[in-house]
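**Q** Below is one structure. I have some questions about it.
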Amino acid sequence: MNRQRIVAGNWKMNKTFDEGRDLALSIVKRIGPIETLVILCPPFIHLNYLASVTKGIANVRLGAQNCHFENSGAFTGEVSALMLQSIGVEYVIVGHSERRAYFAETNELLAKKVDAILSHGMHPIFCCGEKLDIREAGTHLEFVSQQINDSLFHLSKKQFSKVVLAYEPIWAIGTGKTASPLQAQEMHAYIRSIIAAHFGDDLAFLTTILYGGSCKPSNSKELFSQPDVDGGLIGGASLVAEDFVSIVNSF
Ligand code: 13P
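Taken in order, the sequence shown gives residues 51 to 301; the numbers are from our numbering.
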């Protein structure tokens with residue numbers, strides 16, 4: 051059994067309703083019957099409609115960009131994991147560096163979100179990654195290890211088997227500066243090794259680890275050809291149907 055290859059599009063805070071509908075329809079139209087799983091992660095307002103667009107398409111799934119860990123209550127402006135699950139969302143991005151930076155999300159808070167997502171039968175896409183100063187100081191492996199340890203290593207093996215990881219070096223996000231295939235491979239292999247040390251070799255082998263950060267049609271093939279890179283979490287290039295589908299097809 052091989053691990054699942056995934057290309058997920060994180061639209062971030064982009065696209066009005068009409069633009070999002072057109073983008074999703076255009077992507078779905080272009081995707082052939084491939085084995086790679088394609089996950090669309092639009093802003094919340096698109097999710098309900100896109101559930102009807104992606105329904106019945108074997109290799110396309112719906113993802114959210116965030117959730118609250120409580121099921122309901124007085125949390126103005128928030129959307130719960132339970133609500134997402136109720137409209138057919140199957141994946142939720144958690145711990146994106148932009149949420150860590152702009153919304154002060156900590157490793158401990160993310161552990162609660164991961165628990166909520168799993169408890170409703172969905173898959174967390176857990177993001178980790180270092181800032182430039184940490185890479186330059188040479189402590190990036192330890193930094194990422196801490197993020198994973200604090201937010202994911204309380205899970206059981208069964209729970210962890212539902213988690214997708216995404217390594218997104220912050221210095222590569224939206225900067226046009228991609229990690230080299232070797233830099234990505236080094237970190238992905240390291241992440242797999244710490245998963246193996248904690249959960250065992252079999253589960254580590256089956257864990258999907260995505261790369262994110264200025265991934266585009268011109269570099270996705272080389273990145274995805276690395277043995278421990280199982281696909282991508284795509285920002286800017288996921289907003290253009292041709293580019294996104296070209297990345298999907300680069301395996
Ligand atoms: P870019 O592809 O725009 O660099 O964004 C990556 C990202 O943050 C995906 O979650």
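All C-beta atoms, glycine included, are put in the ideal place defined by N, C-alpha and C.
What residue range is occupied by the uninterrupted beta strand (DSSP E) comprising Leu283?
**A** Indexing the sequence shown from 1 puts residue 283 at position 233. 281-284 is the span of the beta strand (DSSP E), which, as asked, contains Leu283.
**Q** In angstroms, rounded to a whole number, what distance separates the CA positions of Ala166 and Phe210?
**A** Taking the sequence shown and counting its residues from 1, one reaches residue 166 at position 116. Taking the sequence shown and counting its residues from 1, one reaches residue 210 at position 160. Ala166 and Phe210: Cα-Cα distance of roughly 13 Å.
**Q** To test your reading of the DSSP string, which unbroken beta strand (DSSP E) runs of 3 or more residues are found completely within the region 77-128?
**A** If we require 3 residues or more, the beta strand (DSSP E) runs fully inside the region 77-128 come out as 87-91, 110-114.
**Q** Is it the case that the Cβ atoms of Ala239 and Tyr261 are separated by a distance below 7 Å?
**A** As a working note, residue 239 is residue 189 in the sequence shown. As a working note, residue 261 is residue 211 in the sequence shown. For Ala239 and Tyr261, no; Cβs fall outside 7 Å.
**Q** Taking the continuous beta strand (DSSP E) assigned at Pro174, which residues delimit it?
**A** Locating residue 174 in the sequence shown gives position 124, counting from the first residue. Element bounds for Pro174: 173-178.
**Q** Among all the DSSP beta bridges, which residues are the ones paired with Leu134?
**A** By 1-based counting over the sequence shown, the position of residue 134 is 84. DSSP output for Leu134 lists no bridge partner at all.
**Q** Run the proximity test for Gly281: is its beta-carbon closer than 6 Å to any non-hydrogen atom belonging to the ligand 13P?
**A** Locating residue 281 in the sequence shown gives position 231, counting from the first residue. False, no ligand heavy atom lies under 6 Å from that Cβ.
**Q** Could you tell me the boundaries of the alpha helix (DSSP H) in which Asn199 lies?
**A** Within the sequence shown, the letter at position 149 stands for residue 199. 190-202 is the span of the alpha helix (DSSP H), which, as asked, contains Asn199.
**Q** Quick one: using the 10 Å Cβ neighbour count with 16 as the cut-off for buried, is Lys163 buried or exposed?
**A** Counted from its first residue, the sequence shown places residue 163 at position 113. Answer is buried; the Cβ neighbour count reaches 16.
**Q** Indicate the three-state DSSP secondary structure (helix, strand or coil) for Val298 in the structure shown.
**A** By 1-based counting over the sequence shown, the position of residue 298 is 248. Residue state, collapsed to three classes: helix.
**Q** Count the other C-beta atoms from every protein chain shown that fall within 10 angstroms of the C-beta of Thr104, then say buried if there are 16 or more, exposed otherwise.
**A** For the purposes of this step, residue 104 is identified with residue 54 of the sequence shown, where counting begins at 1. Per the 10 Å Cβ criterion, buried.
**Q** Alpha carbon to alpha carbon, what distance is there between Val298 and Arg71?
**A** By one-based count along the sequence shown, residue 71 stands at place 21. By one-based count along the sequence shown, residue 298 stands at place 248. C-alpha separation (whole angstroms): 19 Å.
**Q** At a cut-off of 6 Å, is Asn269 close to the ligand SAM when judged by its beta-carbon and the heavy atoms of the ligand?
**A** Here the bound small molecules are the ligand 13P; the ligand SAM is not part of this structure.
**Q** Asn52: beta carbon under 6 Å from a heavy atom of the ligand 13P?
**A** On the sequence shown, position 2 is the one that residue 52 refers to. No.
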